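Worksheet: the structure to be examined is printed underneath.
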Amino acid sequence: MNPKMLENWMNEGQVTLPQVLVKNYTVVGLNELEMMLLLQIQSFAANAEFFPSMEMLTERTTLRLEETIKIMDSLLKKGMIAIEQSQDASQMISERYSLAPLWGKLAALYENIEAEGRQEKQIEKQTNLYSLFEAEFGRPLSPMEAEMLSAWLDQDETSPELIKEALKEAVISQKLNFRYIDRILLNWTKQGVKTVEDAKRVAEEFHQNGKTTQTIKKEEVKKSAGSIPLYDWLEKRKG
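Position 119 of the sequence shown, counting from 1, maps to 119 under UniProt numbering, and the rest follow consecutively.
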């Protein structure tokens with residue numbers, strides 16, 4: 001290739017479009033003809049021609065003038081582009097095409113994608129949490145147990161990681177029941193525990209201070225048949 005020709009091409013500049021647009025133009029509601037006109041608008045803008053006429057746009061495509069007008073009108077109505085006005089020092093008003101509305105749509109798209117991704121991860125964590133509880137209990141969870149687990153997640157907004165840590169404490173203490181785990185979580189809430197690191201720190205301090213992970217106070221155990229005692233996870237060892 002003639003080096004001079006290549007130099008001339010490079011001097012013409014380049015037209016770039018974000019990869020996110022190229023990958024997702026159909027998702028935001030664009031078709032190939034609309035994409036080509038957007039590319040031409042960007043090309044004109046790169047040469048300081050910010051408001052090319054319909055004729056100028058048509059000359060660079062295989063479209064007829066009426067087709068160009070129709071597509072540009074569609075881009076405006078769909079909120080893909082906007083026409084902005086500005087006034088210079090001499091009070092002259094000029095117009096330009098802006099792709100800001102399109103960038104806004106793409107930003108919203110990615111925010112939704114990220115939100116959906118977070119939701120999917122949360123659902124996966126919850127599913128794994130149910131499976132973990134069933135594995136530790138060695139049986140399917142009862143409807144009441146499943147409801148309590150859901151309440152920790154949805155109503156109390158306790159993280160799955162923190163619930164796992166409470167389950168671990170219950171397993172270590174050989175007090176594997178939901179009331180007991182609920183008591184652990186309640187005590188952690190009172191102590192301002194928000195993360196697994198917080199929980200481990202509290203548990204470590206608990207053990208270092210000569211406390212047991214769970215202590216049953218006999219006077220707090222309900223005597224009625226069928227009642228489930230609530231254990232104070234952070235009760236000091238007596239004697």
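Note that CB positions come from ideal geometry on N, CA and C, so glycine has one too. Just so you know, these numbers come straight off a predicted model, no measurement behind them.
Return the residue from the list Asn177, Leu39, Asn24 that minimises the CA-CA distance to Arg139. For the residues Asn177, Leu39, Asn24, the minimum Cα distance to Arg139 belongs to Asn177.
Whole-Å CB distance - Ala199 paired with Leu162, under 8 angstroms assumed: Yes, Ala199 and Leu162 are in contact; Cβ-Cβ is about 6 angstroms, under 8 angstroms.
Go ahead and pull the three-state DSSP assignment for Gln191. It is coil, neither helix nor strand.
Cβ of Glu95 within 8 angstroms of Cβ of Phe51? Contact: yes.
For Ser159: DSSP bridge partner residues: Paired residues: none, contrary to the question.
Lys121 CB to nearest chain C CB: under 8 angstroms? Protein chain content of the structure displayed is limited to a single chain, and chain C is not contained in it.
From the DSSP output, in three-state form, read off Arg64 for me. Three-state result, Arg64: coil.
For a test of the three-state rule: what should DSSP assign to Gln14, helix, strand or coil? In the three-state reduction of the DSSP assignment, Gln14 falls in the coil class.
Classify Lys190: buried if its beta carbon has 16 or more other beta carbons within 10 angstroms, exposed otherwise. Using a 10 angstroms sphere on the CB of Lys190, the tally of other CB atoms stays under 16, which defines it as exposed.
Buried or exposed: where does Thr62 fall if 16 or more other Cβ atoms within 10 Å of its Cβ makes it buried? Answer is exposed; the Cβ neighbour count stays below 16.
Between the CA atoms of Leu167 and Phe133 - distance to the nearest angstrom: Each residue's CA atom was taken as its position, placing Phe133 and Leu167 some 8 angstroms apart.
With the cut-off set at 8 angstroms, would you say Val171 and Leu109 are in Cβ contact? Result no, Cβ atoms of Val171 and Leu109 do not sit closer than 8 angstroms.
Please identify the residue among Glu136, Arg64, Ser159, Glu197 whose C-alpha is closest to the C-alpha of Gln174. Ranked by Cα distance from Gln174, the first of Glu136, Arg64, Ser159, Glu197 is Glu136.
DSSP-derived helix/strand/coil call for Ile81: Three-state result, Ile81: coil.
Who are the Cβ neighbours of Met54 in its own chain at under 8 angstroms, not counting the five residues just before and after it? Closer than 8 angstroms at the Cβ level, and outside the excluded window around Met54, lie Leu65, Thr68, Ile69, Met72.
Whole angstroms are fine: how far does the CA of Ser90 sit from the CA of Glu114? Between the alpha carbons of Glu114 and Ser90 lies a gap of roughly 46 angstroms.
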